[in-house]
Amino acid sequence: MTVQFFKEILTEPALKNFEFLCLDKGEIDAECLDLVMETAHSNRDLHIYEMKIPEDYYHENAFKFYDIKYREAKWVRIEHLFTLKNSHIVNIGRHNLTYFDLNTYIKFWINNDHDMVRLLALNMSTFEPEILFDGIVVFLARRRGLTFHLV
Numbered sequence: 224m225t226v227q228f229f230k231e232i233l234t235e236p237a238l239k240n241f242e243f244l245c246l247d248k249g250e251i252d253a254e255c256l257d258l259v260m261e262t263a264h265s266n267r268d269l270h271i272y273e274m275k276i277p278e279d280y281y282h283e284n285a286f287k288f289y290d291i292k293y294r295e296a297k298w299v300r301i302e303h304l305f306t307l308k309n310s311h312i313v314n315i316g317r318h319n320l321t322y323f324d325l326n327t328y329i330k331f332w333i334n335n336d337h338d339m340v341r342l343l344a345l346n347m348s349t350f351e352p353e354i355l356f357d358g359i360v361v362f363l364a365r366r367r368g369l370t371f372h373l374v
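Residues are numbered in the numbering used here as their position in the sequence shown, beginning at 1, plus a constant of 223.
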């Protein structure tokens with residue numbers, strides 16, 4: 224993938240008003256990914272699956288899409304989550320966020336003056352609610368054998 228390729232695709236008039244972009248397989252450099260992030264729009268979905276992204280990557284628009292799925296998300300930082308606004312679903316796969324990061328984010332989300340995200344899904348190898356929800360009132364609900372933590 225080259226910068227020229229992304230510029231051509233993302234500026235193609237027939238594709239200019241796309242609603243969904245999915246990147247899968249391979250590797251993408253920061254410059255090409257910047258071009259993708261510049262297309263952020265509240266009516267646009269971005270899914271990135273098995274794609275290698277530089278772990279130090281940051282873009283202020285990374286979480287300004289409507290529906291976001293980042294399967295390989297080791298590059299995602301808590302600062303990204305703070306930029307969420309009126310997103311529908313955010314699904315983050317393999318990441319480097321700590322329980323303390325997520326606890327900080329949840330507290331930020333609770334005290335925020337606008338809707339950030341309707342559903343946030345995070346892959347976690349273990350689940351430690353006492354750390355994740357430290358200092359937060361949580362209600363437990365069970366339905367069809369699943370346990371939900373309602374903040």
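C-beta atoms are modelled at their ideal positions from N, C-alpha and C, and glycine is treated no differently.
Assuming contact is defined by CB atoms lying nearer than 9 Å, are residue i and residue j in contact in what I supplied?
{"i": "residue 355", "j": "residue 325", "result": "yes"}
{"i": "residue 318", "j": "residue 297", "result": "yes"}
{"i": "residue 228", "j": "residue 245", "result": "no"}
{"i": "residue 289", "j": "residue 303", "result": "no"}
{"i": "residue 295", "j": "residue 276", "result": "yes"}
Can you tell me whether residue i is helix, strand or coil according to DSSP?
{"i": "residue 350", "result": "coil"}
{"i": "residue 281", "result": "coil"}
{"i": "residue 293", "result": "strand"}
{"i": "residue 237", "result": "helix"}
{"i": "residue 324", "result": "helix"}
Relative to the C-alpha of residue i, which residue among the options is closest?
{"i": "residue 264", "options": "230, 246 and 309", "result": "309"}
{"i": "residue 242", "options": "343, 251, 228 and 269", "result": "269"}
{"i": "residue 334", "options": "295, 360 and 311", "result": "360"}
{"i": "residue 266", "options": "281, 366 and 311", "result": "311"}
{"i": "residue 314", "options": "272, 233 and 261", "result": "272"}
{"i": "residue 348", "options": "320, 289 and 374", "result": "320"}
{"i": "residue 259", "options": "286, 279, 278 and 237", "result": "286"}
{"i": "residue 345", "options": "240, 328 and 366", "result": "328"}
Below 8 Å on the Cβ atoms is my guess for residue i versus residue j; work out the distance and round it to an integer in Å.
{"i": "residue 350", "j": "residue 331", "result": "Contact flag wrong, Cβ pair sits at about 21 Å."}
Please report the residue range of the beta strand (DSSP E) in which residue i lies.
{"i": "residue 371", "result": "369–373"}
Looking at the secondary structure, which residues open and close the alpha helix (DSSP H) in which residue i lies?
{"i": "residue 210", "result": "An answer regarding residue 210 cannot be provided, because it is not within the stretch 224 to 374 covered by the chain."}
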